[in-house]
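Here the sequence shown is numbered in our numbering, starting from 149 and rising by one per residue. Where is the CB? At the ideal position from N, CA and C, for every residue including glycine. Keep in mind that this is a model prediction, so the values were computed, not measured.
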Amino acid sequence: MKYFVTAFIVFGIIFQLQSQTKSLATTPNELLEKSNNQYTAGWILLGTGTAFMVTSLAIVPDYSAYGESPNQTLDTVLGWTGVISFIASVPIFLSAGQNARLAARLSLQNQALHQPISLPGHPKSMPAISLKIPL
149 MKYFVTAFIV FGIIFQLQSQ TKSLATTPNE LLEKSNNQYT AGWILLGTGT AFMVTSLAIV
209 PDYSAYGESP NQTLDTVLGW TGVISFIASV PIFLSAGQNA RLAARLSLQN QALHQPISLP
269 GHPKSMPAIS LKIPL
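Written as structure tokens, this is what we have:
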């Protein structure tokens with residue numbers, strides 16, 4: 149039993165270390181796509197949570213078709229699932245907003261080159277990454 153647990157822990161650590169291969173989103177387009185996906189997921193969680201809570205309130209708790217036990221178990225499961233889904237949507241919306249603001253801070257734009265003597269054939273501007281740091 150001791151060997152089984154040790155092997156399980158070792159293989160678990162190995163697989164966990166190999167699962168972290170994707171790099172973080174760094175470009176503004178990746179951050180905007182991530183923000184849009186999180187925003188969609190937040191609306192889905194908010195909508196399903198609201199639907200489950202309304203359904204839980206609409207179910208009559210002591211109704212049963214065959215005179216058996218009441219529907220309180222279903223009512224409770226729907227209610228708690230709705231509340232948990234509703235609450236889980238809040239951090240997802242906050243994360244989506246943070247990613248959208250970060251994408252707005254990182255932008256690619258053309259910067260004007262200020263040269264004392266303008267030579268023919270030299271560019272007047274060059275691409276640059278703009279980083280805005282809010283204080």
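>> In the DSSP output, what is S273 paired with across the bridge?
In response: Against the sequence shown, residue 273 aligns to sequence position 125. Bridge partners of S273: A260.
> Okay, do the stretch 171-189 and the stretch 197-211 touch, 3+ Cβ pairs below 8 Å being the bar?
Replying inline: The stretch 171-189 and the stretch 197-211 do not touch, with fewer than 3 CB-CB distances between them shorter than 8 Å.
>> Could you give the first and the last residue of the continuous alpha helix (DSSP H) run that contains P176?
In response: In the sequence shown, the residue the question calls residue 176 occupies position 28. Here the alpha helix (DSSP H) through P176 covers P176 to A206.
> Do G197 and S237 come within 8 Å of each other at the CB atom, strictly closer than that value?
Replying inline: Numbered from 1 along the sequence shown, position 89 holds the residue referred to as residue 237. Numbered from 1 along the sequence shown, position 49 holds the residue referred to as residue 197. In contact: S237 and G197 (Cβ atoms closer than 8 Å).
>> I'd like to check one pair, L193 with A248: are the Cβ atoms closer than 8 Å?
In response: Looking up residue 248 in the sequence shown gives position 100. Looking up residue 193 in the sequence shown gives position 45. Result no, Cβ atoms of A248 and L193 do not sit closer than 8 Å.
> If you count every other CB in all the chains shown that lies within 10 Å of the CB of S183, and 16 or more means buried, which is it?
Replying inline: By one-based count along the sequence shown, residue 183 stands at place 35. Classification of S183: buried, given that the 10 Å Cβ count is 16 or more.
>> Mapping the DSSP letters down to three states, classify P268 as helix, strand or coil.
In response: Taking the sequence shown and counting its residues from 1, the one referred to as residue 268 is at position 120. It is coil, neither helix nor strand.
> Are the beta-carbon atoms belonging to N258 and P275 less than 8 Å from one another?
Replying inline: Position 110 of the sequence shown, counting from 1, holds the residue named residue 258. Position 127 of the sequence shown, counting from 1, holds the residue named residue 275. Against a cut-off of 8 Å, the Cβ pair of P275 and N258 comes out as a contact.
> Within the 8 Å Cβ cut-off, does L222 reach chain D?
Replying inline: The chain labelled as chain D is not found in the depicted structure, where only one protein chain is given.
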